[in-house]
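Notes follow once the structure below has been shown.
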Amino acid sequence: MKQVIFCNFQNKKRMEKKIKWRCPANIALIKYWGKRPVQLPCNPSLSMTLSHSFTDLELTLKEKKRKGLELVYLFDNKPNKAFSKRILTYLQDNKQAFPFLEDYALQINTTNSFPYAAGIASSASAFGALALALMSVENINQEHFKQKASYYARLGSGSACRSIYGQFALWGQHPKAQNSNNEYAVPLHSVHKSLKTLQDAILIVDDRPKKVSSSKGHALMEGHDYAQSRFKQANKHCGKLFEVLKLGNFEEFTNIVEQEALALHAMMMTSKKYYLLMKPATLKIIQKIMDYRKQTGLKMCFTMDAGPNVHLLYPKEYLTEVKGFIDRELSGSLKSTIFDEAGKGPICTQNE
Ligand code: PMV
Numbered sequence: 061m062k063q064v065i066f067c068n069f070q071n072k073k074r075m076e077k078k079i080k081w082r083c084p085a086n087i088a089l090i091k092y093w094g095k096r097p098v099q100l101p102c103n104p105s106l107s108m109t110l111s112h113s114f115t116d117l118e119l120t121l122k123e124k125k126r127k128g129l130e131l132v133y134l135f136d137n138k139p140n141k142a143f144s145k146r147i148l149t150y151l152q153d154n155k156q157a158f159p160f161l162e163d164y165a166l167q168i169n170t171t172n173s174f175p176y177a178a179g180i181a182s183s184a185s186a187f188g189a190l191a192l193a194l195m196s197v198e199n200i201n202q203e204h205f206k207q208k209a210s211y212y213a214r215l216g217s218g219s220a221c222r223s224i225y226g227q228f229a230l231w232g233q234h235p236k237a238q239n240s241n242n243e244y245a246v247p248l249h250s251v252h253k254s255l256k257t258l259q260d261a262i263l264i265v266d267d268r269p270k271k272v273s274s275s276k277g278h279a280l281m282e283g284h285d286y287a288q289s290r291f292k293q294a295n296k297h298c299g300k301l302f303e304v305l306k307l308g309n310f311e312e313f314t315n316i317v318e319q320e321a322l323a324l325h326a327m328m329m330t331s332k333k334y335y336l337l338m339k340p341a342t343l344k345i346i347q348k349i350m351d352y353r354k355q356t357g358l359k360m361c362f363t364m365d366a367g368p369n370v371h372l373l374y375p376k377e378y379l380t381e382v383k384g385f386i387d388r389e390l391s392g393s394l395k396s397t398i399f400d401e402a403g404k405g406p407i408c409t410q411n412e
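For the sequence shown, this note's numbering assigns the number 61 to the initial residue and increments by one for each residue that follows.
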């Protein structure tokens, strides 16, 4: 298998065309929570793209005589009704942008490198990979390729637009970032070298699908008593995090990232239809992280997605100490741990 960054099979005169993308998941440091039509964020968000947690997607296009959308979707080589429906709706909604969709019989196969519902946003890596594959069919120049892919990934799942870039990405307008945009994410280039290799130990306390989806959570921000303050806070944190990422100040980084994680869950706990996604083990882990940091001065901090699992972030030089800490202090509360890190972003892998 040959690895290339941009694939384009416009010139191939074959009856069947295949394209493959590997797109990583991302973990938000500044959280996107609350949206308005169509999938536009109420506040800017900023994330780190992972490396080992990714979706592999293969798109096969077979020429056919009759026009119309035709899709066979397999997840882990098996049909999956729920995902299939979501992807079909997405293709239906975007067929004007990708007119070729009606000219071919489509087959999409996806596999994840991480367990489904492990607290890693699988829709981000899946829609990132799908948007990139669709974009690869179009003959466009490289400069706009990622921007457009990010735009179309966003329409599948908001946070997916950030997975198009490696390292750190920003989605949503912020006065301190001139190129920022609500419609697609942009890469962040000013990052201190100590944070470019940031590690993420994903501490899985519960791997069952969560009871309240992110879509419902976003919707509950409409009319939420704290919504406006929360959007203001995210903007403030985002501006501060630009500086912190540039300078590599881990103490400040910790303050912002942990406040963001707890603010996200506070929004869930205080919405009109309030709910809890944290489990007793989640709180136990958070407390242990805070205590251990206080005792040892070790650089590490936590964040969370919309789920009960904890992401433990730390500079690469502390890998051995952090692994020891997880083994000794946390393993009793954990189902498993995924050791991930900041990654380089999606790659196109095309069969010869
Ligand atoms: O992209 P969605 O709709 O799955 O929402 C993601 C929301 C969070 O993961 C909680 C935060 C974020 O910014 O990724």
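Even for Gly, the Cβ is constructed at its ideal location relative to N, Cα and C. Since the model is a prediction, treat every value here as computed from it, not as a measurement.
Would DSSP call serine 217 helix, strand or coil? Shown here, serine 217 sits in coil according to DSSP, grouped into three states, outside any helix or strand.
Could you please give me the residues that DSSP links to valine 132 through a beta bridge? According to DSSP, which records beta bridges pairwise, valine 132 is partnered with Gln167.
For the stretch 189–199 and the stretch 212–230, state whether three or more C-beta atom pairs, one from each stretch, are separated by less than 8 Å. yes
Is the separation between the beta-carbon of phenylalanine 143 and that of threonine 170 shorter than 9 Å? yes
Going by the beta-carbon positions, is the gap between isoleucine 262 and serine 113 smaller than 9 Å? yes
Below 8 Å on the Cβ atoms is my guess for isoleucine 180 versus isoleucine 147; work out the distance and round it to an integer in Å. Actually they do not touch by this definition, with Cβ atoms about 19 Å apart.
Tell me whether alanine 366 counts as near ligand 1, meaning its Cβ is closer than 8 Å to at least one heavy atom of that ligand. At least one heavy atom of ligand 1 is nearer than 8 Å to the Cβ of alanine 366, so yes.
Kindly examine ligand 1 and report whether one of its heavy atoms sits closer than 8 Å to the Cβ of leucine 324. yes
Euclidean distance between Cα positions of glutamate 312 and leucine 194: 40 Å
Hey, would you say the C-beta of asparagine 172 is under 8 Å away from at least one heavy atom of ligand 1? No; taking the cut-off as 8 Å, the Cβ of asparagine 172 has no heavy atom of ligand 1 nearer than that.
Compare the Cα-Cα distances from glutamate 243 to each of Ser331, Ser254 and Ala209 and report the closest residue. Ala209
Proximity winner among Leu110, Thr257 and Lys236, relative to leucine 301 (alpha-carbon distances): Lys236
Measuring only the C-alpha atoms, how far is leucine 161 from lysine 124? 11 Å
Where in the stretch 88–158 do unbroken runs of the alpha helix (DSSP H), each at least 4 residues long, occur, reported from the N-terminal end onward? Whole alpha helix (DSSP H) segments, 4+ residues: 141–153.
Let me make sure I understand the geometry here. Which of Leu343, Met328 and Thr120 has the alpha-carbon closest to that of leucine 41? Past the edges of the chain, shown from 61 to 412, lies residue 41, and the structure says nothing about it.
Would you kindly report the start and end of the unbroken beta strand (DSSP E) that includes histidine 284? Taken as a continuous stretch (DSSP letters only), histidine 284 belongs to no beta strand (DSSP E), as it is neither H nor E.
Cβ of serine 111 within 9 Å of Cβ of serine 219? no
Assuming leucine 373 contacts methionine 360 under a Cβ cut-off of 8 Å, what Cβ separation, rounded to an integer in Å, is found between them? 7 Å
Tell me whether the beta-carbon of glutamine 233 lies closer than 9 Å to the beta-carbon of methionine 108. The answer is no: Cβ separation not under 9 Å.
Identify the residues that DSSP records as bridge partners of lysine 78: which are they? Thr120
Ligand 1 and histidine 278: does the residue's C-beta get closer than 8 Å to at least one heavy atom of that ligand? yes
Taking the alpha helix (DSSP H) that proline 340 falls in, what are its first and last residues? Element bounds for proline 340: 340–356.
When you compare the stretch 386–397 with the stretch 343–350, are there three or more beta-carbon pairs, one atom per stretch, that lie closer than 8 Å? At 8 Å Cβ cutoff, the stretches touch.
Strictly by DSSP, which residues pair up with glutamine 259? Tyr374 and Glu401
Any non-hydrogen atom of ligand 1 closer than 8 Å to serine 219 Cβ: yes
What did DSSP end up calling phenylalanine 313 once you bin it into helix, strand or coil? Here phenylalanine 313 sits in helix by DSSP.
Is any heavy atom of ligand 1 found at a distance shorter than 8 Å from the C-beta of lysine 271? Placement of the Cβ of lysine 271 at a distance of 8 Å or more from every heavy atom of ligand 1 is found.
Limits of the alpha helix (DSSP H) - the one that leucine 161 falls within: No alpha helix (DSSP H) holds leucine 161; DSSP gives it neither H nor E.
Between asparagine 315 and ligand 1, is the CB less than 8 Å from at least one heavy atom? no
Just checking alanine 88 against ligand 1 - is the residue's beta carbon closer than 8 Å to any of the ligand's heavy atoms? yes
Contact set for alanine 88: own chain, Cβ-Cβ below 6 Å, skip 5 residues either direction: Ser105 and Ser107
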